[in-house]
Amino acid sequence: EDRGLLEFDPDKYTIHNIDIGFQGTPVFGLFRDKADNIWIATGLHGLFFYNRNSRTIRRMDFFPGTSRRLSSTNVSRVLEDSRNRLWIGYLSHGVDLFDKRTNTVTHFTCNDTINNALSHDDIFKIFEDRQGNVWIGTQKGLNLYDSITNSIRKIPLPDEKGEDNYGSPVYDIFQDSFD
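Residue numbers for the sequence shown follow the working numbering, beginning at 3 and rising by one.
Okay, structure coming up:
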């Protein structure tokens, strides 16, 4: 049986079904924002916003407060960074960066002829480290957002021979406790 997205209440030890309205929709990513709302990245029907207080859910076809559509309905990851910007990663469509203060959207994609572009358009992970740097893991490598130039920099990952390799998939990113 397809139960969709489930929410566990540890105080009552109960499970609540969150109906996003599309049975069989793959959920690729969840993100809890600073206001305790849940952003739901789905592989077929886009991005959903779940207000945990009112228990309401809505599909986000547009960036909040704008008439700009999301770049795709194939959403893989969501992150709200420490600067209150919303990052939305897609499969096959790169990354959108939405600045809530200015209501502007910057779209980043892969372009083999430009150095300051994503290494691939399939986004597997968006991560912000403790220093406020935003890292993006793709089908073909690791990328770092440069907030000064508003651009992306490809980060080489050494292969078994110690040579720079930009082609390895990066599925997850974390920062250890050592600074």
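Don't be surprised by glycine CBs; every beta carbon is placed ideally from N, CA and C. Only a predicted model underlies this, so the values are computations on that prediction, with no experimental measurement involved.
Straight-line Cα distance separating residue j from residue i
i, j, result
"I138", "I150", "17 angstroms"
"D38", "T27", "23 angstroms"
"V97", "D63", "15 angstroms"
"D161", "R57", "47 angstroms"
"D35", "N145", "23 angstroms"
"N53", "D83", "19 angstroms"
"L120", "D13", "43 angstroms"
"H109", "V136", "15 angstroms"
"T115", "Q177", "31 angstroms"
"R70", "N55", "27 angstroms"
"K163", "S170", "14 angstroms"
"Y15", "D123", "40 angstroms"
DSSP state of residue i mapped onto helix, strand, coil
i, result
"S149", "coil"
"G31", "strand"
"V136", "strand"
"G169", "coil"
"E162", "coil"
"D11", "strand"
"G143", "strand"
"T16", "strand"
"H109", "strand"
"K127", "strand"
"K36", "coil"
"I175", "coil"
Selection from the options that minimises the alpha carbon distance to residue i
i, options, result
"S94", "K163, S73, E162", "S73"
"K156", "L99, D131, T111, D98", "T111"
"G48", "G67, R79, D35", "R79"
"N117", "R132, Q133, Q177, S153", "S153"
"S179", "S170, E165, R132", "R132"
CB of residue i within 8 angstroms of CB of residue j, strictly
i, j, result
"N76", "R103", "no"
"E130", "L88", "no"
"F65", "F100", "yes"
"I22", "I59", "yes"
"K127", "I175", "yes"
"G91", "I125", "yes"
"T140", "V172", "yes"
"F33", "G45", "no"
"Y147", "P158", "no"
"L8", "I42", "no"
"G134", "N105", "no"
Any non-hydrogen atom of the ligand COA within 7 angstroms of residue i CB
i, result
"N118", "Looking for the ligand COA in the displayed structure turns up nothing, as the structure carries no ligands at all."
Segments assigned beta strand (DSSP E), at least 3 residues, entirely inside the segment 40–103: 40–44, 48–53, 58–62, 77–82, 87–92, 97–101
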